[in-house]
């Protein structure tokens, strides 16, 4: 494998002190990254905007695309957690949700088109009722754009057949319960479309749920709990989420399809849970993977991907697959009384079960020294609650929040497989 340069993406001149929660996608030599930005408080205190940048040279350099335009139907600034995908023609699609004052959520969809990749074009604004941000986003084998997200305390899906200009009504795939959490995942593998999510009480996430469609998302099987987690552990010192320290270090489920012909394709699902000591008490966090061949009756037993990597807290895994390899990107934090040193780590495993581990951040960040943006974004957190991994044509691209300079900035790195 070969590592490209580690690049801090360029920021707009109006960027704030806080840039977190990146999304990334790639097609050929073009890479697009987006993130949440406190934007110097140019609008309302406590609101953020979505910034983005593009690389045309396989991640060796980036240019800023500035900030997404305001919605044409509301005075609120655009400010949801963005997601990115690309199509076979090299067009990139970005979606996010912004919540209006009345509680309804608006889905905003944009396109960034070749060959210039100069400016995002807004395709649609759709009001879908009381929805939560962070919809999972894919382009399926038929070219549809597919979303999975939480609406009215249930997980739902919606799809677009015209490149994001119009969307189907949300289809509920889970029961509506106060235990349902945002951070769902969706993937197509062979003739199966899978949706997964977490459930729990309060800040505790203790159940992994999933459901499957075999007719391109028109109907889904009854949702089932797939795994009961150990109680989650305290976050590493220096990580602050909103008004307090969250216990849900896994937050998002990860789903990926490991390529293969016909039924040999494999779906892999990733979560984080507390790692027990010899008395069964969760003390750190580990990354677990569940595998299932297309058409199989059940998921595998959990495989601990970080078992031999030493004691550390591992949080917020993001997953992708390429050329019969499976990649998991996560933060790895090692703490003592005065430091919490964090690295971005990519774990790789192949079809033979061989594993490798690559530290992508050349310099560790001490979370305890990273400042947020208490003036303009006091409710936000220094590193965000997710990172992003994508793949294309034998390459992975990772995007993470880095704080080695004492403030949050987005870093990107390409990994080329042999």
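In the numbering used here, the protein residues as written are 95 to 512.
Even glycine gets a Cβ: it sits at the ideal position worked out from N, Cα and C.
Item                                                                                                                                                  : Value
What number of angstroms, rounded off, separates the C-alpha of residue 199 from the C-alpha of residue 250?                                          : 14 Å
Could you tell me whether the stretch 175 to 192 touches the stretch 149 to 159, using the rule of 3 or more Cβ pairs below 8 Å?                      : no
Alpha carbon to alpha carbon, how far is residue 232 from residue 477? Give it in angstroms, no decimals.                                             : 24 Å
What residue range does the beta strand (DSSP E) around residue 255 cover?                                                                            : Per DSSP, residue 255 belongs to no beta strand (DSSP E) and is neither H nor E.
Am I right that residue 261 and residue 220 are in contact with their C-beta atoms under 8 Å? What's the rounded C-beta distance?                     : 5 Å
Excluding five sequence neighbours on each side, which residues of the same chain lie with their C-beta closer than 6 Å to the C-beta of residue 346? : 277 and 480
Would you call residue 313 buried or exposed, if buried means 16 or more other Cβ atoms sit within 10 Å of its Cβ?                                    : exposed
Look up residue 466 in the DSSP assignment and say whether it is helix, strand or coil.                                                               : coil
Can you name the start and end residues of the beta strand (DSSP E) that residue 441 belongs to?                                                      : 434 to 444
Quick one: does residue 242 have its CB under 9 Å from some CB of chain D?                                                                            : Absent here is chain D; the protein component of the structure consists of one chain.
Using alpha carbons as the reference points, say which of 401, 496 and 483 lies closest to residue 449.                                               : 401
Let me know if residue 155 comes out buried or exposed under the rule of 16 or more other beta-carbons within 10 Å of its beta-carbon.                : exposed
So residue 413 and residue 426 are supposed to be a Cβ contact under 8 Å. How far apart are they, rounded?                                            : About 16 Å; that fails the 8 Å criterion.
Can you say whether residue 130 is buried or exposed, counting buried as having 16 or more other CB atoms within 10 angstroms of its CB?              : buried
Buried or exposed for residue 271, going by 16 or more other Cβ atoms inside 10 Å?                                                                    : exposed
In angstroms with no decimal places, state the Cα-to-Cα distance between residue 263 and residue 229.                                                 : 15 Å
Using DSSP with H/G/I as helix, E/B as strand and the rest coil, what is residue 341?                                                                 : With a pLDDT of 46 at residue 341, under the threshold of 50, the predicted position of this residue should be treated as unreliable, though the coordinate-derived value follows. Here residue 341 sits in coil by DSSP.
Could you tell me which residues DSSP pairs with residue 104 in its beta bridges?                                                                     : Per DSSP, none; premise fails for residue 104.
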